[in-house]
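Numbering (this note's numbering), first residue to last: 38 to 352. A short worksheet on the structure shown next.
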Amino acid sequence: MHVLILARELDELLELRAVADQIGALEVETLVPKAMTNGEDLASLGLRRAYFLEGFDDISPDGLKKIVIDLVGKVEPSLVLGPSKKVFRELFARVAHNLASPCLTDCTSLEFSGGRLVVERPFLGGGYVERLAVKKLPAFLTIQMTGRRPKIRERNGPEKVELSKPSSEDFSLRRVSVERVERGGADLAKARIVVSVGRGFKRREDLKLAEELAQLLGADLACSRPLASDLGWMPEEKHVGLSGKWISPQLYIAIGISGQVQHMVGVRNSRIIVAVNNDTSAPIHREADYSVPLDLYQFIPALITVLREKGVRAT
Ligand SMILES: Cc1cc2nc3c(=O)[nH]c(=O)nc-3n(C[C@H](O)[C@H](O)[C@H](O)COP(=O)(O)OP(=O)(O)OC[C@H]3O[C@@H](n4cnc5c(N)ncnc54)[C@H](O)[C@@H]3O)c2cc1C
38 MHVLILAREL DELLELRAVA DQIGALEVET LVPKAMTNGE DLASLGLRRA YFLEGFDDIS
98 PDGLKKIVID LVGKVEPSLV LGPSKKVFRE LFARVAHNLA SPCLTDCTSL EFSGGRLVVE
158 RPFLGGGYVE RLAVKKLPAF LTIQMTGRRP KIRERNGPEK VELSKPSSED FSLRRVSVER
218 VERGGADLAK ARIVVSVGRG FKRREDLKLA EELAQLLGAD LACSRPLASD LGWMPEEKHV
278 GLSGKWISPQ LYIAIGISGQ VQHMVGVRNS RIIVAVNNDT SAPIHREADY SVPLDLYQFI
338 PALITVLREK GVRAT
């Protein structure tokens, strides 16, 4: 199988290379930003060719679509893989539509079964998993990032090919301005301990309680979707679940989160789940390893006090 990987970050490329390994890809090429082509890691991934672009992030959606359509025409891959992130979900849908090819987003696993590529992904809001056989190639798949790593090969780097940017004049979308989003803190996908907040918090300023607990535990802070998307109390990249980050920390402490399936699908791979929720019938208690059926406004300060008494200090 001939695979083309699209990635904007090294972690994405490493993970998608691992997925290509899993399905026994014989030939793998990639399209990445120019900055990534000088890294040591690229040399050890057994890639045949690395196409690169200067200013990858600044190319308009139409421009990127054209580049990918041209590249797919040239490379003729059977499969095009990208990370399940908004930009790739949108790009793949547009390119696949243009080429009348299948496009599947948020795939969690890929395998060959009965001579066909079979893909799994969440279905009906994450309550079920659907298995789909890919009937037509090339197929465009975005993959959920879960931290897979590829095998390292002999260092014999890929041939590097610079692609030129298309002129923006013919495009229906024109970039008028760019506003960078401030990204707060570390990447949640790599966190060992995560303290996560939900709508059980009554006011934005009450999140200080969770921040204090997170500092004491050396944890990263995350949230349920409403806190980021509806209330705007937390940055978008901190929301976990079906439409946010999929994480797998050693310890996930959910505070004031009900545990709807769309939330749980993104945190189920946590090693230990602790739920602090004063409603004993909240679904999260059924999935938690440790349930704390108490009011968060009483429990969290008490926990902080105990941790302090035990000599735990903020890191
Ligand atoms: C297509 C789709 C995708 C979605 N994607 C996501 C996603 O990626 N991530 C996500 O999180 N959601 C997602 N959702 C939304 C999801 O269905 C839930 O609405 C959301 O997770 C609920 O957030 P919550 O648990 O913070 O709030 P609620 O459901 O309102 O729960 C708040 C909880 O806090 C508890 N509580 C209240 N006061 C206290 C207190 N004083 N002490 C302790 N506990 C208290 C309550 O008992 C309640 O269980 C998605 C929905 C759809 C339709």
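The beta carbon of each residue, even a glycine, is placed where N, CA and C say it ideally should be. Predicted model, so just to flag it, every value in this text is computed and none were measured.
Leucine 82 sits close to arginine 54, with the two beta carbons spaced by under 9 Å. Distance check between aspartate 326 and each of Glu191, Asn315, Gln335, Val311 places Val311 closest, using alpha-carbon atoms only. When distances are taken from the beta-carbon of asparagine 75 to the heavy atoms of ligand 1, even the shortest one reaches 8 Å or more. Taking 8 Å as the cut-off, one finds at least one heavy atom of ligand 1 near enough to the beta carbon of leucine 333. In the structure shown, threonine 179 falls within a strand segment according to DSSP collapsed to helix, strand and coil. Scanning Ile96, Asn315, Leu63, Pro203 for the CA closest to the CA of arginine 236 turns up Asn315. Selection Val298, Glu196, Leu331, Phe336 evaluated against leucine 84 yields Glu196 as nearest (Cα-Cα). Each residue's CA atom was taken as its position, placing alanine 319 and glutamine 252 some 27 Å apart.
Within the same chain, Cβ atoms closer than 6 Å to the Cβ of leucine 128 are found at Leu101, the five residues on either side in sequence being excluded. In this structure, the alpha-carbon of leucine 51 lies about 24 Å from that of aspartate 107. Judged by the Cβ position, glutamine 299 qualifies as a neighbour of ligand 1 at the 8 Å threshold, a heavy atom of the ligand being closer than this. Contact annotation: glutamate 167 and phenylalanine 160 have beta-carbon atoms nearer than 9 Å.
Assignment of isoleucine 292 by DSSP, reduced to helix, strand and coil, places it in the strand class. With contact defined as three or more Cβ pairs closer than 8 Å, the region 296 to 308 and the region 237 to 249 are not in contact.
In this structure, arginine 229 sits near leucine 288, with a CB-CB distance shorter than 9 Å. Secondary structure note for arginine 153: its beta strand (DSSP E) is the uninterrupted segment 153 to 160. With a cut-off of 8 Å on Cβ pairs, the region 263 to 278 is not in contact with the region 131 to 146, counting fewer than three such pairs.
Between the alpha carbons of cysteine 144 and asparagine 193 lies a distance of about 30 Å. When C-alpha distances from leucine 225 are compared across Leu79, Val234, Pro286, Tyr165, the shortest belongs to Pro286. Cβ-Cβ distances below 6 Å link alanine 57 to Val40, Val65 in the same chain, with the five nearest sequence neighbours on each side left out; the list follows chain order. Counting only residues of its own chain and dropping the five nearest sequence neighbours on each side, glutamate 113 has a CB closer than 8 Å to the CB of His39, Pro175. With a contact defined as Cβ atoms closer than 8 Å, leucine 43 and phenylalanine 125 qualify at about 6 Å. Annotated three-state conformation of arginine 262 is helix, per DSSP.
Per the coordinates, the alpha-carbon of lysine 282 lies some 33 Å from the alpha-carbon of lysine 347. Residue burial annotation: lysine 123 is exposed, with fewer than 16 other C-beta atoms found within 10 angstroms of its C-beta.
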